[in-house]
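Novice: Using my numbering, the final residue of the sequence shown is 329, and nothing's skipped along the way.
Glycine included, every Cβ here is placed at the ideal spot set by N, Cα and C.
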Amino acid sequence: MWMYYKEFGIEHSTLMVFIHGGGVSGWMWDKQVEYFRSKFHCLVPDLPEHGKSIHEGHFTIDGAADKIINLINEKSNGKRVIAIGFSLGAQVLIAMIGKKPQLIDFAMINSPLVKKIPFANALTNSMMFAFPLVKYKAFSKIQAKSMYITEDYYDIYYEESCQLTKDSFLRVMKENMSFTIPHKFNTSNSKILVTVGEKERKIMKDSMKEVTNNSSNSKGVILPNIGHGFSLAHPDLFNRVLEEWIENDVNTL
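1) Measuring alpha carbon to alpha carbon, tell me which of Asn324, Val270, Glu125 ends up nearest Phe306.
2) According to the Cβ coordinates, are Gly154 and Ile257 closer than 9 Å?
3) Can you find at least 3 beta carbon pairs, one from the stretch 79 to 99 and one from the stretch 138 to 149, that sit closer than 8 Å?
4) At which residue ranges does the stretch 158 to 190 contain complete beta strand (DSSP E) runs of 3 or more residues, listed in the order of the chain?
5) How about Lys32 and Ile279: are their beta carbons less than 9 Å apart?
6) Which residue wins for smallest C-alpha separation from Lys213, given the options Val297, Glu235, Gly296?
7) Grab the span of the beta strand (DSSP E) containing Gly69 for me, first residue to last.
8) Under a three-way DSSP split, which group does Phe215 fall into?
9) Measuring only the C-alpha atoms, how far is Tyr111 from Glu323?
10) Pair every Cβ in the stretch 288 to 298 with every Cβ in the stretch 193 to 209, then say whether three or more of these pairs are closer than 8 Å.
11) Taking the C-alpha atoms as reference points, what is the distance between Asn252 and Leu189?
12) If distances are taken between C-alpha atoms only, which option among Ser89, Phe245, Gln167 comes closest to Phe205?
13) Is it buried or exposed for Pro208, if we count other Cβ within 10 angstroms and need 16 for buried?
14) Would Ser89 and Phe116 be called neighbours here (beta carbons separated by less than 9 Å)?
15) Could you tell me the distance, in whole angstroms, from the CA atom of Glu87 to the CA atom of Lys281?
16) May I have the straight-line CA-CA distance separating Leu123 from Thr136, to the nearest angstrom?
17) Can you give me the Cβ contacts of Asn315 inside the same chain, cut-off strictly under 8 Å, excluding the 5 residues immediately before and after it?
18) CA-CA distance, Gln178 and His96?
19) Shortest alpha-carbon distance to Met223 belongs to which of Ser163, Ile158, Lys128?
20) What's the call for Asp181, buried or exposed, on a 16-neighbour Cβ count within 10 Å?
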């Protein structure tokens with residue numbers, strides 16, 4: 077199946093791939109692309125059943141990982157690869173590293189969930205009762221605010237939320253809540269930075285520790301006064317953290 081993506085920046089430069097979270101699409105990285113496109117070759121895919129890939133097959137974490145691996149293989153031409161994932165996209169990125177441990181040089185993994193949620197089926201079923209509320213703008217605006225989505229992006233967020241079907245929502249939630257770190261992840265030499273917001277749930281902080289414990293080349297950062305959505309909440313800080321981390325690690329190679 078085909079997957080929509082956008083391409084920006086300098087074709088011969090290091091490849092930088094941005095993988096969005098669930099319920100949004102590639103636009104969530106606009107502030108990052110605007111900043112990095114003058115230095116890097118940026119790729120921004122829309123995951124299956126999201127954004128402009130809404131009709132491109134059923135979403136699975138493994139399937140999305142395969143698609144983005146194929147895209148990187150097509151576009152990298154031996155270049156260094158930097159990959160950035162948020163939430164559901166962070167899980168896809170972890171799956172990619174597990175499948176191809178030597179593919180990615182730098183991975184910034186933001187708010188990954190890698191520990192199974194207790195009573196996930198009951199929780200998912202309860203969320204399904206609230207699903208119709210996404211079409212009500214009052215409810216949608218509360219959701220958008222909790223994700224740090226600003227007014228200028230609200231219309232596209234609302235439009236994409238209304239496109240999501242119950243079946244798609246259920247599939248994405250089950251994939252998200254059942255994901256664990258793949259077996260070969262710990263064989264990767266990728267430089268890995270894991271971030272989580274101080275205001276996120278304990279299971280997210282425990283997940284950060286799980287990821288760093290499974291990689292000898294990783295470090296974790298808890299971001300003060302931030303919830304779920306670092307890149308949207310503080311895009312300038314996000315860009316600076318990413319840039320400084322890459323530059324510091326490159327200088328030590």
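Specialist: To lay it out plainly:
1) Val270
2) no
3) yes
4) 182 to 186
5) Residue 32 is absent from the structure shown; the chain starts at 77 and stops at 329.
6) Glu235
7) Missing from the structure shown is residue 69; the chain here goes from 77 to 329 and no further.
8) helix
9) 15 Å
10) no
11) 7 Å
12) Phe245
13) exposed
14) yes
15) 36 Å
16) 9 Å
17) Lys107, Gln108, Tyr111, Phe112
18) 22 Å
19) Ser163
20) buried
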